[in-house]
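Single-structure report; data block below.
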Amino acid sequence: MKKIYLTSEDKKAARRQSSRKWWMANKEKARKSNRDHYHTHKSDYAERQREKMKDPKERSAHRERNNNRNLELKVNVLSHYSLNHELRCSWKKCLVSDVDMLSLDHIENNGAEDRRHGHAGASLYRKLVKLGFPGGFQTLCLNHQFKKALNRARTLRKGSL
Ligand SMILES: [Zn+2]
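Just so we're aligned: the sequence shown equals residues 1447 to 1607 in the numbering used here.
Spelled out as structure tokens, the structure:
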């Protein structure tokens, strides 16, 4: 028997429910087909994206989404490299916990290597998540980042005297 829907809202909800059911049952197949379609139509997607970004409204929405995502990523990564995984500078007694004033420190001062490979900021954070949070990093506030560099320069200077 054909179902009768009272309103177009009911109809929409029913359609949503049925396509959701199909998706749950065919998840892998659907994902693969989406992926394949993307790979065979890559340039179409890129073109559509380029067109979309010509609209200033779209552009600023896009930027905001990216900024939010990157901020969330930064908080996650810096929290991980904080003492007890609580977002804060790792310097003894320092209480700075404002994410805008914190950054990731290469404990052995080998950050130049990552930067040479194009990994800084969000790109570095993504890499660390992907690698499962390798060691060798700590969260520092920008003042203590500076202080550490100063101490290091002083030590190096003493060494060369
Ligand atoms: Zn600090």
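Where a beta carbon is used, it is the ideal one built from N, C-alpha and C, also for glycine.
C-alpha gap between residue i and residue j, whole angstroms
i: I1450; j: E1497; result: 41 angstroms
i: R1561; j: A1568; result: 12 angstroms
i: C1540; j: R1598; result: 19 angstroms
i: K1573; j: K1520; result: 12 angstroms
i: P1580; j: R1461; result: 46 angstroms
i: R1600; j: E1474; result: 58 angstroms
i: E1504; j: L1517; result: 20 angstroms
i: E1510; j: K1604; result: 47 angstroms
i: A1507; j: N1513; result: 10 angstroms
i: E1532; j: L1550; result: 14 angstroms
i: V1575; j: L1452; result: 49 angstroms
i: M1499; j: S1606; result: 54 angstroms
i: G1578; j: E1455; result: 45 angstroms
i: S1536; j: R1494; result: 45 angstroms
i: H1565; j: R1534; result: 22 angstroms
i: A1558; j: N1530; result: 27 angstroms
i: A1492; j: S1465; result: 27 angstroms
i: A1595; j: N1556; result: 12 angstroms
i: N1589; j: R1515; result: 25 angstroms
i: M1547; j: D1490; result: 41 angstroms
i: R1481; j: K1467; result: 20 angstroms
i: K1593; j: K1538; result: 12 angstroms
i: K1667; j: D1501; result: The chain is shown only over 1447 to 1607; residue 1667 falls outside these bounds and no answer can be derived.
i: K1478; j: K1457; result: 29 angstroms
i: T1486; j: S1528; result: 43 angstroms
Inter-residue CB distance, residue i and residue j (contact presumed, cutoff 8 angstroms)
i: C1587; j: V1545; result: Wrong, their Cβ atoms sit about 10 angstroms apart, outside the cutoff.
i: I1553; j: Q1591; result: Not really, about 12 angstroms apart at Cβ, beyond 8 angstroms.
i: V1523; j: Y1484; result: Wrong, their Cβ atoms sit about 28 angstroms apart, outside the cutoff.
i: A1476; j: W1469; result: 6 angstroms
Check your reading: residues with Cβ closer than 7 angstroms to ligand 1 heavy atoms | My final list is C1535, W1537, C1540, V1542, L1586, C1587, N1589 and H1590.
In chain order, each alpha helix (DSSP H) run of at least 4 residues that lies wholly inside the region 1541-1594 | Counting only runs of 4+ residues, the alpha helix (DSSP H) found wholly inside the region 1541-1594 occupies 1557-1562 and 1567-1576, in chain order.
4-residue-minimum alpha helix (DSSP H) runs that sit fully inside the region 1472-1514, ordered along the chain | Runs found: 1473-1486 and 1488-1498.
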